[in-house]
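Undergrad: Each residue of the sequence shown is one higher than the last, beginning at 1 in the UniProt record's numbering.
Have a look at this one before I ask anything.
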Amino acid sequence: MSAAHWGRRRLAGAVLAASATLLVATAATAGTATAGTATAGTATAGTSAAGTGTPGIGTSSAEATDPGSTAPGDSPDNHQMGASIRAHDGAAGAAAPAPASAEATTPGIDVSSYQGAVDWPGYWKQGKKFAYVKATEGTGYQNPDFSQQYTGSYDVGMIRGAYHYARPDLSGGAAQADYFAAHGGGWSKDGKTLPGTLDIEWGSSSDCYGLSQAAMVSWIKAFSDEYHKKTTRWPVIYTATSWWTECTGNKGDFSATNPLWVARYASSAGTLPYNWGFYTFWQYTSTPLDQDYFSAGTDRLKALADG
């Protein structure tokens, strides 16, 4: 992707104390997953792996960027979740589509160093109940704002988790899972820490990072297996159906273990990737920052955090 592309993707502005009211409308289209039981397909973790603890606090300093991430406008700081979605899939506007009822879903946000200091009390007052924070990218970048963002969301009462921006062009899936788990992406059974997320979307150098479809499925599996080995939890997989189709051939059966976080900026989540019968999270807009739904109430969100 060119620097111009990333420039177009930049959010409408730094995060402000937004006060827009979340609009709610039913989204029911053929092929759209029913957002029912949000934890089905999520592995039961049991006891937290030794040494995971509260993940990432105090390890947020930025390290050298990965090779290949230094072009103007293409730094890891510009690689926030969904950075490529609008350019590839388009967007239906800023209005938030929503679910069948306010009780059926739970709103949240995701942030990265692009947002810097976030008005967590403001978003909590707006009803946001969870947050995901970018922790790492590749094996050489840590979000310099991770600690204050991760702690800030927790301090206002949100259930929070961390995500890793995948770079299959730079290193193997297992190596990146290790790096993520060691630098903010771990999990602890405290009832307020969600399993880590793998953000896999179009690359800036090439859509599929130079990997064949079979190799991409293997890369994702290596990441998922290693993360589970390190934390006892299966990572959430964040992607767009169009990317999954292009870069995996719509293959790879992760639905039995990995919760799905689908990205689609429209009035419904649309058709889901291969074999997922429902989504667990849905990123529905990037205005004024990335906003998301969890597919059930806060009781199920807490259950997902508990493992």
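Note that beta-carbon positions come from the ideal geometry of N, C-alpha and C, so glycine has one too.
Fair warning: this is a prediction, and the values are worked out from it, not measured in the lab.
(1) According to DSSP, is D199 part of a helix, a strand, or is it coil?
(2) Which residue or residues does DSSP assign as beta-bridge partners of G161?
(3) Since Q176 contacts F223 with CB under 8 Å, what's their CB separation in whole angstroms?
(4) Taking just the CA atoms, how far does S204 sit from P168?
(5) Tell me, to the nearest whole angstrom, how far the beta carbon of I109 is from that of D290; I am working on the premise that it is less than 8 Å.
(6) Which of helix, strand or coil does DSSP assign to Y209?
(7) Please report the distance separating the alpha-carbon of K134 from that of G249.
(8) Taking 6 Å as the limit between beta carbons, can you name the residues of its chain near I200, skipping five residues before and five after?
(9) Ignore the nearest five residues each way along the sequence and tell me which others in W276's own chain have a CB closer than 6 Å to its CB.
(10) Tell me the DSSP bridge mates of I237?
(11) List the whole-angstrom C-beta distance separating F294 from T105, where the pair is believed to meet the contact cut-off of C-beta under 8 Å.
(12) DSSP state of D292, grouped into three classes?
(13) Who are the near neighbours of I237 in its chain, counting only those whose CB is closer than 8 Å to its CB and skipping five residues on each side?
(14) Per DSSP, residue 309 forms a beta bridge with which residues?
(15) Looking at A131 and the ligand GDP, is the gap between the Cβ and the nearest heavy atom below 6 Å?
(16) Please classify G173: does DSSP put it in a helix, a strand, or coil?
(17) Can you tell me which of V156, T136, G138 and Y114 puts its alpha carbon nearest to the alpha carbon of Q126?
(18) So is D190 buried or exposed if we call it buried at 16+ other beta carbons inside 10 Å?
(19) Report the rounded CA-to-CA distance for R300 versus A269, giving the unit in angstroms.
(20) Three-state secondary structure (DSSP) at V156?
(21) Take the Cβ of G185 as the centre, count every other Cβ of all protein chains shown within 10 Å, and call the residue buried at 16 or more, exposed below.
(22) Per DSSP, what are the beta-bridge partners of P107 in this structure?
(23) Considering only the beta carbon of each residue, do Y179 and T241 sit closer than 7 Å?
(24) Who are the near neighbours of L211 in its chain, counting only those whose CB is closer than 8 Å to its CB and skipping five residues on each side?
(25) If we count the other Cβ atoms within 10 Å of its Cβ and call it buried at 16 or more, is A131 buried or exposed?
TA: Put simply:
(1) strand
(2) Y132
(3) 6 Å
(4) 12 Å
(5) Contact holds; Cβ gap of about 6 Å.
(6) coil
(7) 27 Å
(8) By the criterion of a C-beta distance shorter than 6 Å, I200 is surrounded in its chain by A166 and T239, once the five residues flanking it on both sides are discounted.
(9) S255 and L260
(10) L198 and L260
(11) F294 to T105, Cβ: 6 Å. Contact.
(12) strand
(13) T197, L198, I200, I220, S224, F254, N258, P259, L260 and W261
(14) No statement about residue 309 is possible, as the shown extent of the chain runs from 1 to 307 and does not include it.
(15) For the ligand GDP, the structure offers nothing, since it holds no ligand at all.
(16) helix
(17) Nearest option by C-alpha distance: V156.
(18) exposed
(19) Taking the straight line from one Cα to the other gives about 20 Å.
(20) coil
(21) buried
(22) Y293
(23) Taking 7 Å as the Cβ cut-off, Y179 and T241 do not qualify as a contacting pair.
(24) P168, D169, W219 and C247
(25) buried
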